[in-house]
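**Q** Residue 47 in UniProt numbering sits at position 47 of the sequence shown; the count goes up by one each step and never skips. Every residue gets a Cβ at the ideal spot worked out from N, C-alpha and C, and that includes glycine. These figures come from a predicted structure and were not determined experimentally.
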Amino acid sequence: MDFLTTESGKKLSYILTLSQHKSPYLLIIIHGTCSSKDSLFLPYLSDNSTYNTLRFDFPGNGDSGGEFEFGGFEKEVSIIHSVVLWAKSHGYKPLALIGHSKAGNEVLMYSAKYGDVPLIISIAGRLDMNVIPAFIQPVMNSIEAEGQATIELLGREYNITKAGVDERKAINMTRILAAVRNWVCAIHGDIDPWTNIEDAEGISRLLGRRCFELDVIQGADHSFTNCEAELLQNIENFLAKAVPLLQLTHKI
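#1: Kindly give me the distance between the Cβ atoms of V216 and D199, rounded to whole angstroms, as I take these residues to be in contact under 8 Å.
#2: Measure the C-alpha to C-alpha separation of A186 and S46 and round it to an integer number of angstroms.
#3: Could you give the residue range of the alpha helix (DSSP H) that holds V165?
#4: Exposed or buried, what is K241 when buried is set at 16 or more other beta-carbons lying within 10 Å of its beta-carbon?
#5: Which whole runs of the alpha helix (DSSP H) in the UniProt domain "AB hydrolase-1" (26 to 125) are 4 residues long or more, in chain order?
#6: Starting from the C-beta of L127, find all residues in its chain whose C-beta is less than 6 Å away, skip the five residues before and the five after it, and write them out in chain order.
#7: In this structure, does DSSP put N247 in helix, strand or coil?
#8: Using a Cβ-Cβ cut-off of 6 Å (strictly less than) and excluding sequence neighbours within five positions of F58, which residues of its own chain qualify?
#9: Identify, in the order they occur along the chain, each residue of the same chain with its Cβ nearer than 7 Å to the Cβ of residue 260, setting aside the five sequence neighbours on each side.
#10: Quick check: the Cα distance between I120 and K162, rounded to an integer number of angstroms?
#11: Return the first residue and the last residue of the alpha helix (DSSP H) that G202 is part of.
#12: To the nearest angstrom, how far is the alpha carbon of Y51 from that of Y25?
#13: With a cut-off of 8 Å on the beta carbons, I'd call G60 and E74 a contact; round off their distance for me.
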């Protein structure tokens, strides 16, 4: 198992998958909350992309040590930056950040703060951060009364704190989207039960011309179950259109 060390000293488990094509370009694929680099469609994207890919576990998730945070958005954005710097130090050129769910928001936050990765792919991102994810709802009374609660997902326990919930609610995506500096591809499933498709439409509207495209995948839920191939095709199509334009304008 491979680990990289962030600027703050955290050790993150990662998987680097090299394409058959000789290229320095790298896609960094980022998991959502209570998830990991090996969950859902992430391995499929890595194994089938025409680009080099890197995926990793945030602290307290997957095979990385440290403490899980339900909030921690700014911390995780800083961790993404450490991963970008690590990739650059190893001779790769980060081309796109691909974030799902919580990370679908974090890659937008990253663009607003750093802007040093040319393309952003936000999958199932959320606009209204006051909406609490459905899997947290059953324990919200305990969180409000006791300040925290434990949930179990896929055989793993996660501690959800009121501070984390409050932090999430305080995030102003309208302000963040106004500061995004890169081209964005927003992707959403039309039967996503956790994040409304209206969120993706709102993100696209607020980004304006910086939203290169909004792709809605028919029959896809929040996890893109049985829609991995369509998801990858949408990503590859976006890259095929955006990369030549970036090269033409000398942005990569």
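**A** Considering the structure as presented:
#1: Indexing the sequence shown from 1 puts residue 216 at position 216. Indexing the sequence shown from 1 puts residue 199 at position 199. In fact, because the Cβ distance is near 12 Å, the residues do not count as touching under 8 Å.
#2: Counted from its first residue, the sequence shown places residue 186 at position 186. Counted from its first residue, the sequence shown places residue 46 at position 46. Cα to Cα, the separation comes out at about 19 Å.
#3: The residue labelled residue 165 in the question sits at position 165 within the sequence shown. That run of the alpha helix (DSSP H) goes K162 to A170.
#4: What you label residue 241 is simply residue 241 of the sequence shown in a count that begins at 1. K241 should be labelled exposed.
#5: Complete alpha helix (DSSP H) runs here, min 4: 42 to 48, 73 to 89 and 102 to 113.
#6: Position 127 of the sequence shown, counting from 1, holds the residue named residue 127. Cβ within range, chain order: M173, D199, G202 and I203.
#7: As a position in the sequence shown, residue 247 is number 247, starting the count at 1. Looking at the sequence shown, residue 247 is not Asn but Gln. Three-state result, Q247: helix.
#8: If you number the sequence shown from 1, residue 58 lands on position 58. Closer than 6 Å at the Cβ level, and outside the excluded window around F58, lie E76.
#9: The chain is shown only over 1 to 252; residue 260 falls outside these bounds and no answer can be derived.
#10: Start at 1 with the first residue of the sequence shown, and residue 120 comes out as number 120. Start at 1 with the first residue of the sequence shown, and residue 162 comes out as number 162. Each residue's alpha carbon lies about 30 Å from the other.
#11: Counting from 1 along the sequence shown, the entry for residue 202 is found at position 202. It spans I197 to L207 - the alpha helix (DSSP H) in which G202 sits, taken as one unbroken run.
#12: Your numbering for residue 51 matches position 51 in the sequence shown. Your numbering for residue 25 matches position 25 in the sequence shown. Near 7 Å, if we compare the C-alpha coordinates of Y25 and Y51.
#13: Here residue 60 refers to the residue found at position 60 of the sequence shown. Here residue 74 refers to the residue found at position 74 of the sequence shown. Not confirmed; about 16 Å, so no contact.
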